[in-house]
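**Q** First the structure, then my questions, so here it is.
Residue numbers (the numbering used here): 67 to 253.
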């Protein structure tokens, strides 16, 4: 009986730690002043899909269908090395339940695409894009965010929904997602 009590007390004590480990980086850093955080809700995608799209144009129509199928879009951009390291660890643990679609390494910059397969081999439930080492490719020039020049070290993007792999490169191009141009080479 005493051993069971000890095990129970230890389990209760470890519960908050395991809860913290499960928290994703988007929740963890959404309020941090050291990141740019974007979370687009499904309603916004529905509104975007209805705005000025010529439904007679097949490309515009397929783009509209893609946009309507997205249920979540979250991204974090940071230049903070500690946060970048934490994001990298989270992506590594998260990627164990995803399939790596592609990896691109170029002069210290690394881009990885992970997916969770959807209803068939052409669709995914989730697309996770992780870009690190961007500061090396930018040669210290940085980008202007909210009127101040910032270097970017890491970007992580999560898209969920019923996403057609054949349309992802068009979507990432239109959303200006770093590394999205590499998806054109998937075939």
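The beta-carbon is built from N, C-alpha and C at its ideal position, and this holds for glycine as well.
Do the stretch 157–172 and the stretch 92–110 make contact, defined as three or more Cβ pairs closer than 8 Å?
**A** Too few Cβ pairs lie closer than 8 Å, so no.
**Q** Do you know how far the Cα of residue 166 is from the Cα of residue 195?
**A** One C-alpha to the other measures close to 10 Å.
**Q** Counting C-beta neighbours from all protein chains within 10 Å, is the total for residue 87 16 or more, i.e. buried, or is it exposed?
**A** Confidence at residue 87 is low in this model, with a pLDDT of 41, below 50, so its placement is unreliable and the value that follows should be read with caution. So residue 87 ends up on the exposed side.
**Q** Could you tell me which whole alpha helix (DSSP H) segments of length 4 or greater appear in the stretch 116–190?
**A** Here the runs fully enclosed are 124–135 and 147–160.
**Q** On the DSSP bridge assignment, give the partners of residue 104 in chain order.
**A** Its beta-bridge partners are 141.
**Q** Check residue 90 in the structure and name its three-state DSSP category.
**A** In the structure shown, residue 90 sits in coil (DSSP, three-state: anything other than H, G, I, E or B).
**Q** How big is the Cα-Cα spacing for residue 150 and residue 122?
**A** Residue 150 and residue 122: Cα-Cα distance of roughly 44 Å.
**Q** Specify the secondary structure class of residue 232 as computed by DSSP and reduced to three states.
**A** Three-state DSSP puts residue 232 in a helix.
**Q** I'd like to know whether the C-beta atoms of residue 226 and residue 137 end up nearer to each other than 8 Å.
**A** Result yes, Cβ atoms of residue 226 and residue 137 sit closer than 8 Å.
**Q** In the DSSP output, what is residue 196 paired with across the bridge?
**A** Per DSSP, 178 and 222.
**Q** Which residue from 160, 143, 228 and 183 puts its Cα closest to that of residue 210?
**A** Among 160, 143, 228 and 183, the Cα nearest to that of residue 210 is on 143.
**Q** Which value, in whole angstroms, describes the spacing of the CA atoms of residue 51 and residue 232?
**A** With the chain covering only 67 through 253, there is no way to say anything about residue 51.
**Q** Got a sec, what are the start and stop residues for the beta strand (DSSP E) residue 97 sits in?
**A** Residue 97 -> no beta strand (DSSP E), and no H or E assigned at all.
**Q** Among 134, 218 and 156, which residue has its Cα nearest to the Cα of residue 94?
**A** When each option's Cα is compared against that of residue 94, the closest is 156.
**Q** Measuring straight from C-alpha to C-alpha, what distance separates residue 183 and residue 92?
**A** About 22 Å.
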